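Enquirer: If you number the sequence shown the way the working numbering does, the last residue is 216 and the count never jumps. This structure is in structure tokens; I'll ask about it shortly.
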Amino acid sequence: MEPPSDCQDCPRLAEFRRANREQFPDWHNAPVSSFGPVDARLAIIGLAPGLRGANRTGRPFTGDYAGDLLYATLLEFGFADGEYDRRPDDGLKLQDCAIVNAVRCVPPQNKPTPLEIATCRRYLIGALSGLTNLRAIVVLGRIAHDSALRTFGLPLARFPFSHGAIHDLPGSHLKLFDSYHCSRYNTNTGVLTPQMFRAVFASVRAHLSVGGGA
């Protein structure tokens, strides 16, 4: 389930989209749909579209630094095929992997409110439930982590966020892999290094190769 192109569920985000549409009429300026095959075993949950990234291009993590690091890592570990070129028509394809954001519309200052995160969660629920072969979820940042847990009705206190942590989700065959968000701020400040990020996906690949099923 994807939100309509002119979704009005969150008035603040709808107004921000409208203002951006007037200023940048050639941009996407609409909710950003999921990206990847429906039979993927891996789902990656981000926070929200970046103003000059996915909000501009219409594809998750496409057009900004976060996408540079994410897609290079996915290509390295066989979760993508082709070449990433910061544009939605670059021919890049995801392999056994799907990307979805916890919030589908760009928020001012990249900061959605708790109400906006909760309001958009039905689309996250719809996206994850449509991945019938799902075995692993990588969450990029604490907000994505918390939203994923709430999607499955799980208590946040039982599964604390920590980069590199791996959580078995009760009542399912899923593992949740925590990572700091691959934003330029996090990498510039040393909160997240490319090596730290690659280590998360190495763990995911090992899980899918050994214990995740074929």
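Idealized CB from N, CA, C, for every residue including glycine. Remember, predicted model here, so these are calculated numbers, not experimental data.
Under a Cβ-count criterion, where at least 16 other Cβ atoms within 10 Å of its own Cβ denotes burial, should S36 be classed as buried or exposed?
Expert: Working through the sequence shown from its first residue, we reach residue 36 at position 34. Label assigned to S36: buried.
Enquirer: Given this structure, state the Cα-to-Cα distance separating V34 from A50, to the nearest angstrom.
Expert: Position 32 of the sequence shown holds residue 34. Position 48 of the sequence shown holds residue 50. Taking the straight line joining both Cα atoms gives about 9 Å.
Enquirer: Any idea if A159 is buried or exposed, counting beta-carbon neighbours within 10 angstroms, 16 or more meaning buried?
Expert: Here residue 159 corresponds to residue number 157 of the sequence shown, with the count starting at 1. Exposed is the call here.
Enquirer: Below 8 Å on the Cβ atoms is my guess for R144 versus F161; work out the distance and round it to an integer in Å.
Expert: Taking the sequence shown and counting its residues from 1, the one referred to as residue 144 is at position 142. Taking the sequence shown and counting its residues from 1, the one referred to as residue 161 is at position 159. Their Cβ separation, rounded to whole angstroms, is 11 Å, which puts R144 and F161 out of contact at 8 Å.
Enquirer: Identify whether A42 lies in helix, strand or coil by the three-state DSSP scheme.
Expert: As a working mapping, residue 42 is identified with position 40 in the sequence shown. Note: A42 maps to coil in three-state DSSP.
Enquirer: For R89, which residues from the same chain have a beta carbon less than 8 Å from its beta carbon, with the 5 sequence-adjacent residues on both sides left out?
Expert: Counting from 1 along the sequence shown, the entry for residue 89 is found at position 87. So the qualifying residues of the chain are T59, T64, G65.
Enquirer: Is DSSP giving D11 helix, strand or coil here?
Expert: Here the question's residue 11 lines up with position 9 in the sequence shown. It is coil, neither helix nor strand.
Enquirer: For the beta strand (DSSP E) containing A68, list its first residue and its last residue.
Expert: For the purposes of this step, residue 68 is taken as the residue at position 66 of the sequence shown. If you look at A68, you'll find it isn't in any beta strand (DSSP E); it sits in the alpha helix (DSSP H) that goes 67 to 78.
Enquirer: To the nearest angstrom, report how far apart T195 and T189 are at their CA atoms.
Expert: Sequence index remark: in the sequence shown, residue 195 carries index 193 (1-based). Sequence index remark: in the sequence shown, residue 189 carries index 187 (1-based). Approximately 6 Å between the Cα atoms of the pair.
Enquirer: Hey, could you find the ends of the beta strand (DSSP E) N112 is sitting in?
Expert: Locating residue 112 in the sequence shown gives position 110, counting from the first residue. Element bounds for N112: n/a, residue is neither H nor E.
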